[in-house]
Structures are given as structure tokens and as C-alpha cells.
Amino acid sequence: MAVFSLIIINKAGGLIYHREFQAGLQRLSTNDYLVLAGTFHGVHAITRSITPQIPSASNISNTSGTSTPTTNNPSSSTSLPNPGLPKSGIEVLETDRFRLSCFQTLTGTKFLLFTDPLMPNIDTVLKKVYDLYADYVMKNPFYQLEMPVRCEAFDRHLGTWLRGRT
Numbered sequence: 001m002a003v004f005s006l007i008i009i010n011k012a013g014g015l016i017y018h019r020e021f022q023a024g025l026q027r028l029s030t031n032d033y034l035v036l037a038g039t040f041h042g043v044h045a046i047t048r049s050i051t052p053q054i055p056s057a058s059n060i061s062n063t064s065g066t067s068t069p070t071t072n073n074p075s076s077s078t079s080l081p082n083p084g085l086p087k088s089g090i091e092v093l094e095t096d097r098f099r100l101s102c103f104q105t106l107t108g109t110k111f112l113l114f115t116d117p118l119m120p121n122i123d124t125v126l127k128k129v130y131d132l133y134a135d136y137v138m139k140n141p142f143y144q145l146e147m148p149v150r151c152e153a154f155d156r157h158l159g160t161w162l163r164g165r166t
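No gaps in the numbering here: position 52 of the sequence shown is 52 in UniProt numbering, and each next residue is one more.
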């Protein structure tokens with residue numbers, strides 16, 4: 001089971017980090033990665049905006065035929081499938097050759113991980129990548145937010161951890 005590559009996109013859709021770990025996917029140029037990051041950001045935004053809303057329990061008639069009163073507040077008439085969770089865009093794109101998994105932070109930064117489609121526990125891998133990013137990039141006093149990641153410690157620890165998984 002392999003991790004092929006990692007892409008990190010800032011909240012504006014700009015590519016701030018990309019790294020290939022193993023052969024398996026066609027090699028892309030830096031320009032291709034920039035296009036991929038921008039395209040994925042747009043698709044993610046569109047899928048997030050079209051996330052379906054379902055009627056809330058207060059608007060559904062009960063079995064006795066009477067309905068509960070409704071309000072004019074549009075947010076009270078519909079809700080997300082799980083009201084405790086914010087809307088989410090595309091999270092997984094899978095083919096027979098690779099799986100693209102996306103983890104979006106609360107600040108809008110997206111982590112895209114290209115893996116073998118049979119690789120288990122991708123959520124665990126994404127969480128560890130995010131933890132390493134938080135420890136070595138975000139805590140780096142020289143790092144400027146939303147700018148490309150140039151942190152040797154992050155590269156080293158990320159590579160070491162992913163090699164240890166295989």
C-alpha cells in the first residue's frame with residue numbers, strides 16, 4: 001500500500017506544497033500541480049455549495065396527520081444530513097489506479113493525498129500529515145501564512161513517517 005503524493009492547498013486555492021513519495025502516477029510538472037490545485041479547489045467549492053439539505057423533523061408530518069408549526073426562518077426548515085457538521089465538499093475521488101482523499105481544516109487549508117486505492121486507514125494518515133504540518137510548519141516562526149511551505153524539518157519528518165508505514 002503506497003502513498004504516491006501529497007498536495008497542500010491554501011484557502012484561496014493556491015498550491016503551497018507538493019511532494020511525490022513513490023512512483024506509480026504519471027509525473028507532473030509544477031505547472032500541472034498548480035492547475036490541479038486550482039481545479040480541485042473550484043470543484044470542492046461547487047460540491048460544497050450543492051450539498052443537499054434535507055427537511056428537518058419539525059416540518060415533517062407525524063403519523064397522526066397533524067403537523068408541527070413552522071417558522072419563516074429558512075434555516076429551521078432544512079438541515080444538513082448531520083446538523084452538527086458543517087457543509088463539506090468532495091472528500092474522495094477513486095479510480096482503479098489511485099484514490100484522492102481530501103482533508104480540509106477549519107481555516108480552509110486542504111490536504112490532498114494520492115494513495116493506492118486499496119490502502120486502509122487513510123483518515124489516520126491524513127491526521128498524521130496534518131499533525132506534522134501543525135508541528136513543523138505552523139509553529140515555525142519564519143513561516144508566513146498562505147505562502148509556499150519551505151520547511152526542511154516538515155519534509156524530513158513526513159518522509160520518515162510515511163516510509164515507516166510501508
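Every residue gets a Cβ at the ideal spot worked out from N, C-alpha and C, and that includes glycine.
Taking 8 Å as the upper bound for CB-CB distance, L113 and S101 are in contact here, some 5 Å apart. The residues L6, in chain order, have a CB closer than 6 Å to that of R19 in the same chain once the five nearest residues on each side in sequence are set aside. Beyond the five residues adjoining it in sequence on each side, E94 comes within less than 8 Å, by CB distance, of L100 and P117 in the same chain, given in chain order.
In this chain, the alpha helix (DSSP H) harbouring T124 covers I122 to Y133.
Annotated as proximal: Y130 and T105, with beta-carbon spacing under 8 Å.
Under the three-state reduction of DSSP output, L6 falls in the strand class.
When DSSP states are grouped into helix, strand and coil, T39 belongs to the helix group. The beta-carbon distance between I8 and H41, rounded to whole angstroms, is 12 Å. This is too long to meet the 8 Å contact definition.
Distance from the Cα of M138 is smallest, within the candidate group R163, N121, K127 and F154, for F154. DSSP, read as helix, strand or coil, puts F98 in coil. Taking 8 Å as the cut-off, the beta carbon of Q26 is found no closer than this to the beta carbon of F4.
The residues N10, K11, A12, G14 and I16, in chain order, have a CB closer than 8 Å to that of E146 in the same chain once the five nearest residues on each side in sequence are set aside.
Each residue's CA atom was taken as its position, placing E152 and D135 some 12 Å apart. With fewer than 16 other Cβ atoms inside 10 Å of its own Cβ, T51 counts as exposed. Nearest neighbour of V43 by Cα position, chosen from L132, N31, N121 and S88, turns out to be S88.
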